Amino acid sequence: MQLIGDAHSTLMPHELPKAYDPTAIEDHWAEYWVRENLFAQATPSAAPQDQSQDSQSSFTILLPPPNVTGNLHMGHMFEHAESDILIRWHRMRGDRVLWVPGTDHAGIATQMLVERQIVSEGTTRQKMGRAAFVERVWEWRRHYGGAILGQMKRLGASVDWQREYFTMDERLSVAVREAFVRLYEQGLIYRGAYIVNWCPRCQTAISDLEVVYDEHKGHLWEIRYPVHGEDGRETGEYLTIATTRPETMLGDVAVAIHPEDERYLHLHGKKLGLPLMDREIPIVLDEWVSRDFGTGAVKVTPAHDPNDFALGERHHLPSINVMDDSAHINENGGAYTGLDRYAARKKIVEDLEALGLLAGIKDHVHNVGHCDRCKTVVEPRLSTQWFVKIQPLADKAIAAVKPDVQGNKAIRIVPEQYEKVYLEWMGNIHDWCISRQLWWGHRIPAWHCPVCHKITVAKADPTACAHCGSDKISQETDVLDTWFSSGLLPVSVFGWPRILGAPGLASETGEKMESRADFDAFYPTSLLVTGFDILFFWVARMIMLGCWFSTDVPMPDGSPRPLSESVPFREVYIHALVRDANREKMSKTKGNVVDPIEIVKQYGTDAVRFTLASMASPGTDIAFNIARTEGYRAFANKIWNAARFLFMNVDRAAEIGIRVDPAALGGMPAAAANAPLEARWIVAELHAVAAKVNAALENFRFDDAANAIYQFFWGSFCDWYLEIVKLRLDFAEGADKEQTKAALTTLVAVFEASLRLLSPVMPFISEELWHAVYDGNPPAKSIALASYPQAGAAIDQAALDTMALVQSLIVEVRALRKEMGAEEKAQVPIEVRIDLHRMADIEANKGIVERLGRVSEVRFVEQIAAGLSKHSTANFDVAVVYERTIDVAAERERLTKDIAKYEKIIANGEGQLNKPGFTAKAPPHIVEGLKKQLDEATRLRDKARGDLDALPPG
RNA sequence: GGGCGGUUAGCUCAGUUGGUUAGAGCGCCUGCCUUACAAGCAGGAAGUCCGGGGUUCGAGUCCCUGACCGCCCACCA
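Structure representation (C-alpha cells):
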C-alpha cells in the first residue's frame, strides 16, 4: 500500500479501527488544510478578456469579525458551521469561493481587558500615558489576540487565511480615515454638545445601541418646589413635581407643565425656588408634558435627560451639567459636590424630607439603561461628541432592502420577517454618535486650533490649522466607535480607497494604489451570515457605509455603479441563537456555557457540526442538546464502519484480482439497466438525495440537508443496500467475477459520492475516508476540491417502486416472525398472495427477500392457507409458515386495532365523498386518490374482519 | 406602549402553494453479541397539532379571538 506525501491520512487505509475516533484524525486534517493553503483564493487575473474566469460565478462571505479578545463559543461555532457548509458546498460546485477571516479591535472590550491587567501590576493607563498604553495593547494583541482564529483553524473553517485582517491594520485604517474625511467634507459629520449615553465606568459616550434596558423597581419621588411671587419671595404655595432621579434636580433650570392643565393655570408665568440650590427657575408651558403622569409637573434638567434637553432647546433654557465623567456631582452641585450620584440621591432625599419638601415616595417600575459592555447604569449626560448625520445614508440603506416597483431587492434578508424589523429601525434612525473617549481605536483625524478654535480635518496629518495657519494645533483625543471601522469592511478588505483612480498611480497623498481586481471580483459579497443581535450594530452600518462609498468604484466596464451593485452583500442570512438544553441563554454567570472545543474533543467536530446543522431550522432558537451530538457521533461511527465493510471487500476482491477502476469514481454513479435491483435502487436514491440536499442548501435549510443525508446514508445505504449487496460479493472459487466486480464498483462509487455529498457538513471524516477510498492516491489534494454530487435528469422510478415493494414484503415478514416468536436464526418459508403483475418483481428478487427476511422459501399462493396468521397490504398478503401456539389475545388485539384504523379511514373518506360539492370542487386527482384509498381500506378491513372471525375462541 | 416569533409524540424539533392514514432523532418497550458497526440490528408502543370561533368540498397549514412562553423596539419625568 503506497502512501503519497503529506496528503495521506493519518491511518493506514483499509486498516481502520473498529470504532471511529475523531481525535485520531481531526488535528491532522485541520493542520493540513491550513498548511496546504487549500482554501486561499488568489486575486483573479485582471484581464477582462479572460472568459473562463468571467464565466465562473463568485461566492464570497465576509466572516463577522470576532473581538480580538474573544474566545469561541457555541454561537460562533454555529455561525461558522453554517458559513462553512455553504462555502464548501459552493467550492465543490465549482464556484470561485472566498471566505475572508479577521478580527475586530473591539475598542472598549480590549481596552478594559488591558486596563485590568495593568491595574493588577500596580499602574494605570493615566500613569502610563496614551502612547505607552496603546503600545501595551498592541503588545497584548500580538501575544494573545485572535485566539479565536486558532480555534477556527482547529474546527476546519475553510477560510482564506492569507487574507486575514485586523480592523486596525494599516490598510483598513486608511479606509477609516478616508471615510471620516469624506463624510466630514460632505457635511455629514458634525461635532456638538448633545445628550449622549454616558457610561461612568468606561468613562466614554456610547451609542443608543450600546444601551440595554432592564426593568427596575425604583421610586417616584414627589418634591415640592416653592412658588415665588413677583418679588422673588415664597408665596407659601408649592408646585409638586415627580422624578425618578432626584439628584438631577441640582441641574434643574425650569419646571414644565401642560399649557391646558387646569390645575396649574394660575401658575402660568410664575417662578419657583429650586430647593437645596437657592436658585430661581421659571415655569414653562409645553404640550409634551403629560397631565396624567406623576403630578403633571416635570422638572427640566436639559443636561441630564434627552427630553429635557429638547424642551430646553424649545424654550431657550440653559443647561447645567452637574456630574463629572465618573458620575460624581461636580462643582455645579453646591453642597453635594464630590458625592457619587447615588450618595447624592440619598442625601438629597434626606435633606428634602428634613425641609418638609418631600411630598411622597411612590414605588415605580421603569426601564433603566445599562452599559452593554459593563452593565453600569448609564447616565444621560450633555457632552461634546462627534456624530454622523445619518439620514442620507439611511435613505440609501432603505432603498437597498425595500423591494422596488418590480419587487426586486438589492439585498435579500432571510428569513424575510427581519426585513420589516430592519426597515422599521432604519426608518426611525437617530444620528450616530461615533466618538468614544477611549485610547484604543482609530483616533479621529481632526485637529483643534487654540487660536481660531476651528477644526482641521485631513487625510494626512496636518502641520498647521487650515483656517488660520497656526502650528499650535492638536489632534482630537477621541477615537471612533468600533463599528465605524467594521462597518467599512466590505469595501476596505477589497482595497478601497486605494483602488480609486488608475492602478499603479499614486494618490494625492502619495499613497500607492492597489489593483481593483479583488473589488471587481468579490464586491458585492454574496452573503452575510450573522445573528440578529448585530443586525443594527453591524449589518445596518455596513449597508449604509457600503452603499455610500462603493459608488466611488465604477463597474469594471466603466459605467457608474448602480444600487444593486453597491450593496455590501446580496443576501443576509440571519441565523438562530444557540441556547442551552433548557432554552436558557448561555452565559458565564449562569455557568451553563457549553465550550465547543470541549464538546468537540469528546464527540468530534463533525458530530457537533452535524448537530448544529440538523437543528438549524430558521426562526427557532437552538436548544443545544448533547444527546443529539451523541446521536451524530454514532452516525459518524456508522459511516466509519460502512467504510470498514467496504474496504474489507475491496481487499478480498483484490486477492482474486478484482479491482475497481478509479475512473468509475468521482462523478455521479450510474447503474446499468440490467444491474441488480439494489444497485439501480441505491443509485436512484443517491440522485434523489443529491437533488434534495442541493435544493435545501439553496434555501439555507441546513436541517433538511443534514436530515436527508442522514436518512440516505443510514436508512437506505447501510440498512438496505449494504445488506443486500452482501449477496453479490461472492469471492468464492468459480463465482461470477463480473457480477462481483459490478457490485463492488457500484458499492465504492456510491460510497465515494456519498462522502462528497457529506463533506460540507462533516469535512473531517469524509476527508479521511475519501483518501482511503483512493488508497492514499486521490485525484485532488482534498475532497473539498472534488465536485459536489448533482442529480441527473432522470431518476429510475421503476427501481424505486420495485424496491419499495420488496422492502414492504420484508418488513411484514419480519413483523410476522416477531409476532409468532420465531427465533432470530430460524429460516422460515413464507406464503405470498400477490397480483400477477407484481409477482415477477418478487420472484426476480427472491434472494433479497430470503436473505433479509431469513426466509427459506417463497411460496406464491392464490390464498393464504387457513390457520396461518397473515399480514395484508394493498399489494399482497403474506404469512410465515411456522409452528407455534397462537397468541390469540395478542392477535385479536392487533386485528381489532387494524380494523379500527381502517374504519376511521373509511368513515373519513366516505364522509368527504358524500359531502355536497366535494366531487364537483375538489381536483380530480384528489377525488381519485381518495376513492382508491377508500377501496384499499375497505378491502383490508374486510380481510382483517375475516381473520378475526377465523381466530379460535380464546 | 408598539411590533415580531413560538405553542405538533415523554424530550428536541420538521411539516413547502390548504389535499388521500401528521414525520424524524433521542428516550421508552420487546427480541437479538446475525462476519462493517452493541456508538449496532430487528420489531413495537406513543400525538385533543395550546383553547374557542370562522372561511372552505377539505384546516396542523388561511382569517378572527383568547391563553401561555420568548424576543425586539420605544424619550413619559
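Numbering-wise (the working numbering), the first sequence opens with residue 10 and increments by one. By construction, the Cβ of each residue, glycine as well, lies at the ideal position given by its N, Cα and C atoms. Please read all numbers here as calculations on a predicted model, not as lab measurements.
His-780 and Glu-821 - do their beta-carbons sit closer together than 7 Å?
Working through the first sequence from its first residue, we reach residue 821 at position 812. Working through the first sequence from its first residue, we reach residue 780 at position 771. The answer is no: Cβ separation not under 7 Å.
Whose C-alpha, out of Asp-956, Pro-291, Tyr-273, His-379, is nearest the C-alpha of Arg-300?
Your numbering for residue 300 matches position 291 in the first sequence. It is Tyr-273.
Under the three-state DSSP convention, the category Gln-446 falls into
The count along the first sequence starts at 1 and reaches residue 446 at position 437. Residue state, collapsed to three classes: coil.
Identify the residues that DSSP records as bridge partners of Ser-881: which are they?
Residue 881 sits at position 872 when you count from the first residue of the first sequence. Note: Ser-881 sits in a beta bridge opposite Asp-886.
With a Cβ-Cβ cutoff of 7 Å, do Ala-166 and Asp-93 count as a contact?
The count along the first sequence starts at 1 and reaches residue 166 at position 157. The count along the first sequence starts at 1 and reaches residue 93 at position 84. In this structure, the beta-carbon distance from Ala-166 to Asp-93 falls below 7 Å.
How is the beta strand (DSSP E) around Tyr-234 delimited, first residue to last?
Taking the first sequence and counting its residues from 1, one reaches residue 234 at position 225. Counting along the chain, the beta strand (DSSP E) containing Tyr-234 begins and ends at 220 to 237.
Any idea what DSSP makes of Arg-452, helix, strand or coil?
Here the question's residue 452 lines up with position 443 in the first sequence. If DSSP states are grouped into helix, strand and coil, Arg-452 belongs with the strands.
Is the beta carbon of Val-890 less than 7 Å from the beta carbon of Thr-754?
Walking along the first sequence from the start, residue 890 turns up at place 881. Walking along the first sequence from the start, residue 754 turns up at place 745. Not closer than 7 Å, so no.
Just curious, the alpha helix (DSSP H) that His-277 is in, first and last residue?
Translated into positions along the first sequence, residue 277 becomes position 268. For His-277, no alpha helix (DSSP H) encloses it, and the DSSP letter there is neither H nor E.
Contact belief for Ala-625 with Ala-585 at Cβ below 8 Å, rounded distance in angstroms:
Taking the first sequence and counting its residues from 1, one reaches residue 625 at position 616. Taking the first sequence and counting its residues from 1, one reaches residue 585 at position 576. Yes, they are in contact, since the Cβ atoms of Ala-625 and Ala-585 sit about 7 Å apart, within 8 Å.
Start and end of the beta strand (DSSP E) containing Ala-251?
Position 242 of the first sequence, counted from the start, is the residue given in the question as residue 251. Segment 243 to 252, the beta strand (DSSP E) holding Ala-251.
Does the beta-carbon of Phe-541 have 16 or more other beta-carbons within 10 angstroms, so that it is buried, or is it exposed?
By one-based count along the first sequence, residue 541 stands at place 532. Phe-541 comes out exposed.
For Phe-531 and Leu-509, the rounded distance between their alpha carbons:
The residue labelled residue 509 in the question sits at position 500 within the first sequence. The residue labelled residue 531 in the question sits at position 522 within the first sequence. Roughly 16 Å between the two C-alpha positions.
Going along the chain, which residues of its own chain have a beta-carbon closer than 6 Å to the beta-carbon of Trp-448, five neighbours each way excluded?
Counting from 1 along the first sequence, the entry for residue 448 is found at position 439. Cβ neighbours of Trp-448 beyond the five flanking positions: Arg-139, Phe-142, Val-143.
Does Glu-832 pass the burial test, meaning 16 or more other C-beta atoms within 10 Å, or should it be called exposed?
Taking the first sequence and counting its residues from 1, one reaches residue 832 at position 823. With fewer than 16 Cβ atoms within 10 Å of its Cβ, Glu-832 is classed as exposed.
Let me make sure I understand the geometry here. Which of Gly-567, Thr-133, Pro-459, Glu-362 has the alpha-carbon closest to that of Ile-232?
Along the first sequence, read from residue 1 onward, the residue named residue 232 stands at position 223. Looking at Gly-567, Thr-133, Pro-459, Glu-362, the one whose alpha-carbon comes closest to that of Ile-232 is Glu-362.
For the alpha helix (DSSP H) that contains Asn-46, what are its first and last residues?
As a first step, residue 46 must be located in the first sequence, where it is residue number 37. Asn-46 -> no alpha helix (DSSP H), and no H or E assigned at all.
Comparing alpha-carbon positions, which option in Ala-645, Glu-574, Val-168 lies nearest Ala-28?
For this step, residue 28 is matched to residue 19 along the first sequence. The option with the nearest alpha carbon to Ala-28 is Ala-645.
Rounded to whole angstroms, what's the CA-CA distance from Glu-945 to Ala-929? Just pull it up for me.
Position 936 of the first sequence, counted from the start, is the residue given in the question as residue 945. Position 920 of the first sequence, counted from the start, is the residue given in the question as residue 929. Taking the straight line from one Cα to the other gives about 23 Å.
Tell me whether the beta-carbon of Thr-69 lies closer than 7 Å to the beta-carbon of Thr-472.
Against the first sequence, residue 69 aligns to sequence position 60. Against the first sequence, residue 472 aligns to sequence position 463. Against a cut-off of 7 Å, the Cβ pair of Thr-472 and Thr-69 comes out as no contact.
State the start and end residues of the unbroken alpha helix (DSSP H) segment that holds Ile-914.
Sequence index remark: in the first sequence, residue 914 carries index 905 (1-based). 897 to 923 is the span of the alpha helix (DSSP H), which, as asked, contains Ile-914.
Local Cβ density within 10 Å of Ile-935, reported as buried at 16 or more and exposed below that:
Within the first sequence, residue 935 is the residue found at index 926, counting from 1. Exposed, by the Cβ-count rule.
For Val-782, which residues from the same chain have a beta carbon less than 6 Å from its beta carbon, with the 5 sequence-adjacent residues on both sides left out?
Numbered from its first residue, the first sequence carries residue 782 at position 773. These residues qualify, in order along the chain: Glu-761.
Give me the residue from Ile-606, Phe-528, Pro-605, Val-603 with the minimum Cα distance to Pro-577.
Residue mapping note: residue 577 aligns to position 568 of the first sequence, counting from 1. When each option's Cα is compared against that of Pro-577, the closest is Phe-528.
Tell me the DSSP secondary structure of Tyr-199 in three-state form.
By 1-based counting over the first sequence, the position of residue 199 is 190. Tyr-199: strand per DSSP, three-state reduction.
At the level of alpha carbons, what is the spacing between Ile-665 and Glu-742?
In the first sequence, the residue the question calls residue 665 occupies position 656. In the first sequence, the residue the question calls residue 742 occupies position 733. Roughly 9 Å separates the two Cα atoms.
Sufficient close CB pairs (3 or more, under 8 Å) joining the region 80 to 95 to the region 210 to 219:
The answer is no - the region 210 to 219 does not touch the region 80 to 95, with fewer than three Cβ pairs under 8 Å.
Please classify Asp-240 as buried or exposed, where buried requires at least 16 neighbouring CB atoms within 10 angstroms.
Locating residue 240 in the first sequence gives position 231, where the first residue counts as 1. With fewer than 16 Cβ atoms within 10 Å of its Cβ, Asp-240 is classed as exposed.
Counted within 10 angstroms of its Cβ, other Cβ atoms place Gly-513 as buried (16 or more) or exposed
Translated into the one-based positions of the first sequence, residue 513 becomes position 504. In this predicted model, Gly-513 has a pLDDT of only 49, less than 50, meaning its place in the structure is not dependable enough to derive any value.
To the nearest angstrom, how far is the alpha carbon of Asp-490 from that of Asn-634?
On the first sequence, residue 490 is found 481 positions in, with the first residue counted as 1. On the first sequence, residue 634 is found 625 positions in, with the first residue counted as 1. Using only the alpha carbons, I get a separation of about 37 Å.
Where the alpha helix (DSSP H) containing Ser-763 begins and where it ends:
Position 754 of the first sequence holds residue 763. Looking at the DSSP string, the run of the alpha helix (DSSP H) that includes Ser-763 is 746 to 767.
Please return the same chain residues whose Cβ sits closer than 6 Å to the Cβ of Val-358, not counting the five positions on each side in sequence.
Here residue 358 refers to the residue found at position 349 when the first sequence is read from its first residue. These residues qualify, in order along the chain: Pro-255.
Can you tell me where the alpha helix (DSSP H) holding Trp-98 begins and where it ends?
Here residue 98 refers to the residue found at position 89 when the first sequence is read from its first residue. Trp-98 -> alpha helix (DSSP H) spans 83 to 101.
Entirely enclosed beta strand (DSSP E) segments - the region 824 to 859, minimum 3 residues
837 to 843
Output the distance between the C-alpha atoms of Ile-96 and Gly-450, rounded to the nearest integer angstrom.
Locating residue 96 in the first sequence gives position 87, where the first residue counts as 1. Locating residue 450 in the first sequence gives position 441, where the first residue counts as 1. When rounded, the distance between both Cα atoms is 32 Å.
Given Pro-962 as reference, the closest of Glu-900, Gly-938, Tyr-41, Lys-913 once Cα atoms are compared
Within the first sequence, the letter at position 953 stands for residue 962. When each option's Cα is compared against that of Pro-962, the closest is Glu-900.
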